[in-house]
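Participant: I have a structure here, written as structure tokens, and I will follow up with some questions on it.
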Amino acid sequence: MAEKEKEIKGPDSEEENREDALATAQERAARHLKDHGLGEIEQTKITLFLQSTQLAKSVILPKVAYQNMDWLPYKFFHQQFYRNSELSTLLARATKWTLDPFVYMKYWEIASYFSARTDLLKHFSLNFAMNDAAVQLYEFLAFSHALLSEIRTSPLVLDLPENDYTRLLFELEEENGRQIQLQIRLLKGIDLPLSLDEKEEIILSEREKVGAVFQRFLGFLCER
Amino acid sequence: MSYMRYKKHNIYYELNGKRGNPLIVFVNGLTQSTALWGIQTNYLNKIGYQTLTFDLLGQGRSFKPILDINFDENADVLHHLLTHIQVDGAYISGISFGGVTTLQFGIRYPEQCKGLIVMSAFTEMDHRLWQMGVNLYQGLTRVGLNMLLDMLLPMNLSPKYLKEHEEELKALRKLSLARNDLYAIQNLMESINSFESFTPELKKIKVPAIILNGEHDYLTPRWCHELMRLNIINSKLVIVQHAYHAFTIEYPMIINRIFDLFVHEVENDAWRGDQSVWIATDDEDSEDVLFPCEGDHTRAIPISKKRKPKRKTTGDDKTANGKPARG
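Here the protein sequences line up with chains A and B, keeping their order. Per numbering that gives the first Met the number 0, the very first residue in the first sequence carries number 0; after that it's consecutive. Per numbering that gives the first Met the number 0, the very first residue in the second sequence carries number 0; after that it's consecutive.
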């Protein structure tokens, strides 16, 4: 039998560290849920976090509502806004909420970190005039793309028995896959005075911020 | 866990087996990741091969670009990876999407190829294949990754396998949904938009090449592989009996034995790449892995290659009802 030799090397860049750290945090959270179950506390934590992301994704419509924008992207922004509201309320309905006030108090730390790390207020307060604030719009698109793509809760419940709540988490991600088409098309196709490198830099930066928030949340999820 | 830096991105790879043994590289299909080659790599490591699996840009643990993936870069990534692990030459294998990269690698980096194992691939798209690609893409973007997987499963596997592994496949589907990122798969599919036929370039491939095609593969049917056989001078075409597109999953042991046979023949100077056509055994314990194909392999009905020349119709050939007899 041939000797088996496995190369084991640690990641050698910041980006690797970030991706690996996030993957490790996800694996740890999935193990935690497998060992301790998806009880009221865990469901509450996940729903609070997902509702925060739904809210953050929803800030765009009021911003673009009065802009001179092509019909098709506007229609999809509109669709995203109402779909987000629908999913957010459905999630609330499917959740077994905990009565433990400390969970909500503790979540406040995550919500604050979310807001600070992603510079959320910037997206709330900006006026996305299509000509002079196009870069900020691009930043928002990159940010919302990261919310839709980086925050993946289905791998956390993969090994758990199916119920309405876990099924909804999968449905939410399916829906994210449809919604993200708007972000993908605009990020790739929008005509802006930015080079490809500059665009990539913005995208990576938003991904990193959202990834850091998700990682912090995963740690919170594992706290007993 | 090992990573290589390619441009600004990280490429994840796994290198297993004893250094110095013949190295076989596996290039993933579209929704695949390194883990899905486990049944091949475990077996081949045990019988004395070194194996290398890696995730393409946009797959598994490799970097997932958002703006763009250039399809041609997949071959460049592999070139850098082989240079990175300091290997002079390897046997490059790939399935489907990865089979295309395998061929392109053979054309562009012959100095790093000892041989090619091309499975369920294509070098050009007819309108049917193109339309199927468009449908898969529409399924992914309009409905979601679940739709893409649901469309791919019956294309990839036989009815028998689908029925007998229903529960396993459900779990696999769920796992695939959780592990794959839609935008990254979408990027990979969009990279095919710039795909151009490279059939004429196949003539540049001089290294031994074994081409594997499932008997009932209707995603990349026989004609795709026939083009490869006719254009790669040092090749053999093998038809995998009863198989559809994803025979590495359905007939892993037979495929493992073909890998072993091919590399063994090349390493021992016993390979004869004569563009002949072979049929793979459907019994994984049989002594011979391959036997010659004697019929017309391009047809779905068993017509012998040797046919009588068509007779001229004369008045004598008329049948009792006055119509000419069929030749």
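All C-beta atoms in this analysis are idealised placements derived from N, C-alpha and C, irrespective of residue type, glycine included.
State the CB to CB distance for the pair B/H8 and B/L56, rounded to an integer number of angstroms; the pair is presumed to be in contact (CB under 8 Å).
Facilitator: With 8 Å as the limit, B/H8 and B/L56 qualify as a contact, their Cβ atoms being about 6 Å apart.
Participant: Can you confirm whether the region 176-187 of chain B touches the region 238-246 of chain B when touching is taken to mean that 3 or more C-beta pairs between the two stretches lie within less than 8 Å?
Facilitator: Because the criterion of three Cβ pairs below 8 Å is not met, the region 238-246 of chain B and the region 176-187 of chain B do not touch.
Participant: What distance in whole Å lies between the Cβ atoms of B/M131 and B/G138, which are believed to be in contact at a cut-off of 8 Å?
Facilitator: That pair is no contact at about 10 Å.
Participant: Return yes when the Cβ of B/G105 is within less than 8 Å of the Cβ of B/I204, no when it is not.
Facilitator: Cβ atoms of B/I204 and B/G105: closer than 8 Å.
Participant: Quick one: list the residues of chain A neighbouring B/K173, beta-carbon separation under 7 Å, in chain order.
Facilitator: Here the neighbours are L157.
Participant: Taking B/E143 and B/C112 to be in contact with their CB atoms under 8 Å, please state how far apart those CB atoms are, rounded to whole angstroms.
Facilitator: Strictly speaking, residue 143 of chain B in this sequence is Gly, with Glu absent from that position. With 8 Å as the limit, B/G143 and B/C112 do not qualify as a contact, their Cβ atoms being about 38 Å apart.
Participant: Can you say whether B/R228 is buried or exposed, counting buried as having 16 or more other CB atoms within 10 angstroms of its CB?
Facilitator: Buried: at least 16 other Cβ atoms inside 10 Å.
Participant: Which word fits A/Q79, buried or exposed, when buried means at least 16 other C-beta atoms lie within 10 angstroms of its C-beta?
Facilitator: Buried, because 16 or more other Cβ atoms sit within 10 Å of the Cβ of A/Q79.
Participant: I'd like to confirm the pairing. Which residues does DSSP put opposite B/P291 in its beta bridges?
Facilitator: According to DSSP, which records beta bridges pairwise, B/P291 is partnered with B/W277.
Participant: Between the region 177-198 of chain B and chain A, which residues of the former have CB atoms less than 8 Å from a CB of the latter, in chain order?
Facilitator: Cβ contacts with chain A: A177, R178, D180, L181, Y182, Q185.
Participant: By Cβ distance, which residues of its chain are closer than 6 Å to B/H79, with the 5 residues on each side in sequence left out?
Facilitator: The residues are Y5.
Participant: Reducing DSSP to helix, strand and coil, say where B/I231 ends up.
Facilitator: It is coil, neither helix nor strand.
Participant: DSSP puts B/M118 in a beta bridge; with which residues?
Facilitator: Looking at the DSSP assignment, B/M118 forms a beta bridge with B/I94, B/L211.
Participant: In chain A, which residues lie with their C-beta within 7 Å of the C-beta of B/L144?
Facilitator: Simply G176.
Participant: Considering only their Cβ atoms, is the gap separating B/F258 from B/I23 smaller than 8 Å?
Facilitator: Yes, Cβ-Cβ distance for B/I23 and B/F258 is below 8 Å.
Participant: Looking only at its own chain, which residues have a Cβ that is under 7 Å from the Cβ of B/G28, when we skip the five neighbours before and after it?
Facilitator: If we look at B/G28 and ignore the five residues flanking it on each side, its Cβ neighbours are I94, S95, F96, G97.
Participant: Here's a check: name, in chain order, each residue in its chain whose Cβ is nearer than 7 Å to the Cβ of B/Y136, leaving out the five neighbours to either side.
Facilitator: Around B/Y136: M188.
Participant: In its own chain, which residues sit with a C-beta less than 7 Å from the C-beta of A/N86, not counting the 5 before and 5 after it?
Facilitator: A quick correction: the sequence has Leu, not Asn, at residue 86 of chain A. So the qualifying residues of the chain are Q53, L171, E174.
Participant: Within the 8 Å Cβ cut-off, does A/I243 reach chain B?
Facilitator: No answer is possible for residue 243 of chain A: the residues shown for chain A start at 0 and end at 223.
Participant: Under a three-way DSSP split, which group does B/H296 fall into?
Facilitator: If DSSP states are grouped into helix, strand and coil, B/H296 belongs with coil.
Participant: Please determine, among B/P64, B/H164, B/M124, B/H224, the residue with the shortest C-alpha to C-alpha distance to A/E200.
Facilitator: Answer by Cα proximity: B/P64.
Participant: Taking the alpha helix (DSSP H) that A/I202 falls in, what are its first and last residues?
Facilitator: Note, A/I202: alpha helix (DSSP H), 195-221.
Participant: The alpha helix (DSSP H) that contains A/S153, what's its start and end?
Facilitator: Per DSSP, A/S153 belongs to no alpha helix (DSSP H) and is neither H nor E.
Participant: At which residues does the alpha helix (DSSP H) containing B/S175 begin and terminate?
Facilitator: 165-178 is the extent of the alpha helix (DSSP H) around B/S175.
Participant: For B/I191, which of B/D71, B/Y11, B/R172 has the nearest alpha-carbon?
Facilitator: Looking at the Cα atoms, B/D71 is the closest of the given residues.
Participant: So, under 8 Å CB-CB, B/I10 and B/M0 are touching, yes? Tell me the CB distance rounded to an integer number of Å.
Facilitator: Going by Cβ atoms, the distance from B/I10 to B/M0 rounds to 12 Å, so no, they are not a contact pair.
Participant: Does B/T82 have its Cβ less than 8 Å from a Cβ in chain A?
Facilitator: By this cut-off, B/T82 is not an interface position.
Participant: With DSSP as the reference, identify every bridge partner of B/S1, one or two as the case may be.
Facilitator: Looking at the DSSP assignment, B/S1 forms a beta bridge with B/Y12.
Participant: Strictly below 8 Å CB to CB, what residues from chain A border B/L77?
Facilitator: Within chain A, no residue comes near B/L77; the closest Cβ sits about 17 Å away, beyond 8 Å.
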